[in-house]
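Just so we're aligned: the sequence shown equals residues 155 to 414 in this note's numbering.
Note that the Cβ used here is the ideal one computed from N, Cα and C, for glycine as well.
Small disclaimer: the values here were computed from a predicted structure and weren't measured.
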Amino acid sequence: MARAAVPGGLSARRAWRDATLVERRAETASAVTLVLAVDDWPGHLPGQHVDVRLTAPDGYTATRSYSVAAPAHGDHVELTVQRVPDGEVSTFLTDGLAVGDTVRLRGPVGGWFVWRPEQPEPVLLVAGGSGVVPVMAMLRARAEAGGQAPMRGTGPAFRLVYSVRAPEDVIHADELAALAAAGTVDLRLVHTRRAPEGDPRPAGRIGAADLVADGWSAAAAPTVYVCGPTGFVEAVAGLLVGLGHDPDRIRTERFGPSGP
Numbered sequence: 155m156a157r158a159a160v161p162g163g164l165s166a167r168r169a170w171r172d173a174t175l176v177e178r179r180a181e182t183a184s185a186v187t188l189v190l191a192v193d194d195w196p197g198h199l200p201g202q203h204v205d206v207r208l209t210a211p212d213g214y215t216a217t218r219s220y221s222v223a224a225p226a227h228g229d230h231v232e233l234t235v236q237r238v239p240d241g242e243v244s245t246f247l248t249d250g251l252a253v254g255d256t257v258r259l260r261g262p263v264g265g266w267f268v269w270r271p272e273q274p275e276p277v278l279l280v281a282g283g284s285g286v287v288p289v290m291a292m293l294r295a296r297a298e299a300g301g302q303a304p305m306r307g308t309g310p311a312f313r314l315v316y317s318v319r320a321p322e323d324v325i326h327a328d329e330l331a332a333l334a335a336a337g338t339v340d341l342r343l344v345h346t347r348r349a350p351e352g353d354p355r356p357a358g359r360i361g362a363a364d365l366v367a368d369g370w371s372a373a374a375a376p377t378v379y380v381c382g383p384t385g386f387v388e389a390v391a392g393l394l395v396g397l398g399h400d401p402d403r404i405r406t407e408r409f410g411p412s413g414p
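Pasting the structure below:
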């Protein structure tokens, strides 16, 4: 499959722009969505990320990369950031950045881990923790394009397997439930440490059975997007290959302790 074209020219994507916080929304106890108005934003694709740079009064700078959480809407860019213990940038963004404050932003970055509404094939999304953020951009873009699961409408099937520690750690919980109820996505939550009362699946790490339940298999030839911590992504990718998925159809995005 050809890689999607990236909005804006190379020089535009490399340019640093002022980004002003216009809205913030709490998602979980440790995650917040930041809506930024970005000067002369060239647009982006679902699945891309941006670089955010903070500058201290003494001139010290710190830069981190964050996935975009929503499709392009004019000059607005949504980032959902999870606080990382001892993370200097994530802590400031989640706890210190106030409406009206400005940071520097560069992007969009990435042209492989993206989804476009015209893609005809089924899509399997697998997210771990805050790895759901770029997935949300894809799901929101699909909802805006009018996409529904085959049992409720037309269009390719979409499935999300989302791994979290406990129910309160589900980022965008209400919106995910609404998207599932509307038929935009077939949602399966995997709880690794504590499952909600009555959940038929006991708490435990994601396994092969979670990826093939309800008729989803490699035979459907989906494009697979996997995002999460490095160990999670490597484990899931291994499971998918073991289940017969074509490695060329598995797209991964990972993050680690170097990028809080």
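Enclosing alpha helix (DSSP H) for residue i [first to last residue]
{"i": "Leu333", "result": "327 to 335"}
{"i": "Leu251", "result": "Here Leu251 belongs to no alpha helix (DSSP H), and DSSP marks it neither H nor E."}
{"i": "Glu242", "result": "242 to 245"}
{"i": "Leu365", "result": "362 to 366"}
Where residue i falls: helix, strand or coil (DSSP)
{"i": "Ser184", "result": "coil"}
{"i": "Ser284", "result": "helix"}
{"i": "Phe386", "result": "helix"}
{"i": "Val344", "result": "strand"}
{"i": "Val268", "result": "coil"}
{"i": "Gly213", "result": "coil"}
{"i": "Pro262", "result": "strand"}
{"i": "Asp172", "result": "strand"}
{"i": "Leu278", "result": "strand"}
{"i": "Arg319", "result": "coil"}
{"i": "Leu314", "result": "strand"}
{"i": "Glu232", "result": "strand"}
{"i": "Leu293", "result": "helix"}
{"i": "Ala191", "result": "strand"}
Proximal residues to residue i (C-beta, below 6 Å), its chain only, five neighbours per side dropped
{"i": "Ala372", "result": "Leu397, Gly398, His399"}
{"i": "Asp212", "result": "none"}
{"i": "Arg179", "result": "Thr187"}
{"i": "Leu343", "result": "Tyr316"}
{"i": "Val289", "result": "Leu279, Ala281"}
{"i": "Thr209", "result": "Thr215"}
{"i": "Leu314", "result": "Leu279, Val339, Leu341"}
{"i": "Asp368", "result": "none"}
{"i": "Pro276", "result": "Pro310, Ala311, Ala374, Pro376"}
Exposure of residue i, with buried meaning 16 or more beta-carbon neighbours within 10 Å
{"i": "Tyr379", "result": "buried"}
{"i": "Tyr214", "result": "exposed"}
{"i": "Ala303", "result": "Caution is warranted here: a pLDDT of 49 is assigned to Ala303, below 50, making its placement in the model unreliable, and the coordinate value is therefore given only provisionally. Per the 10 Å Cβ criterion, buried."}
{"i": "Trp266", "result": "exposed"}
{"i": "Glu351", "result": "exposed"}
{"i": "Gly285", "result": "buried"}
{"i": "Thr384", "result": "exposed"}
{"i": "Trp370", "result": "buried"}
{"i": "Glu407", "result": "buried"}
{"i": "Gly382", "result": "buried"}
{"i": "Met305", "result": "Only weak support is given to the placement of Met305: the predicted model assigns it a pLDDT of 38, under 50, and the value that follows is read from those uncertain coordinates. By the 10 Å Cβ count, Met305 comes out exposed."}
{"i": "Pro239", "result": "exposed"}
{"i": "Thr420", "result": "A query on residue 420 cannot be resolved here, the shown segment of the chain reaching from 155 to 414 and no further."}
{"i": "Ala331", "result": "exposed"}
{"i": "Arg218", "result": "buried"}
{"i": "Trp101", "result": "Examination of residue 101 is not possible in this model, given that the chain is present from 155 through 414 alone."}
{"i": "Leu181", "result": "First, the residue type needs correcting, since residue 181 is Glu and not Leu in the sequence shown. The residue is buried, with at least 16 neighbouring Cβ atoms inside 10 Å."}
{"i": "Ala252", "result": "exposed"}
{"i": "Val231", "result": "buried"}
Close-in-space but distant-in-sequence residues of the same chain around residue i (CB under 7 Å, 5 per side omitted)
{"i": "Gly307", "result": "Note on Gly307: pLDDT 41, under 50, position unreliable in the model; the coordinate value appears next. Excluding sequence neighbours, Gly307 sits near Gly337."}
{"i": "Ala226", "result": "Gly197, His198"}
{"i": "Thr245", "result": "Arg237"}
{"i": "Ala320", "result": "His345, Arg347, Arg348"}
{"i": "Tyr220", "result": "His203, Val204, Val206, Leu233, Val235"}
{"i": "Pro401", "result": "Val395"}
{"i": "Ala391", "result": "Val380, Ile404, Thr406"}
Close-in-space but distant-in-sequence residues of the same chain around residue i (CB under 8 Å, 5 per side omitted)
{"i": "Leu393", "result": "Ile360, Gly361, Ala362, Leu365"}
{"i": "Ala185", "result": "Thr234, Val235, Gln236, Arg237, Thr248, Ser284, Ile325"}
{"i": "Val263", "result": "Arg167, Gln202, His203, Val204, Asp205, Ser219"}
Residue span of the beta strand (DSSP E) that contains residue i, given as start and end
{"i": "Val206", "result": "203 to 209"}
{"i": "Glu273", "result": "Per the sequence shown, residue 273 should be read as Gln rather than Glu. First-last for Gln273: undefined, no H or E at that position."}
{"i": "Thr406", "result": "404 to 409"}
{"i": "Leu397", "result": "Note, Leu397: premise wrong, no beta strand (DSSP E); not H, not E."}
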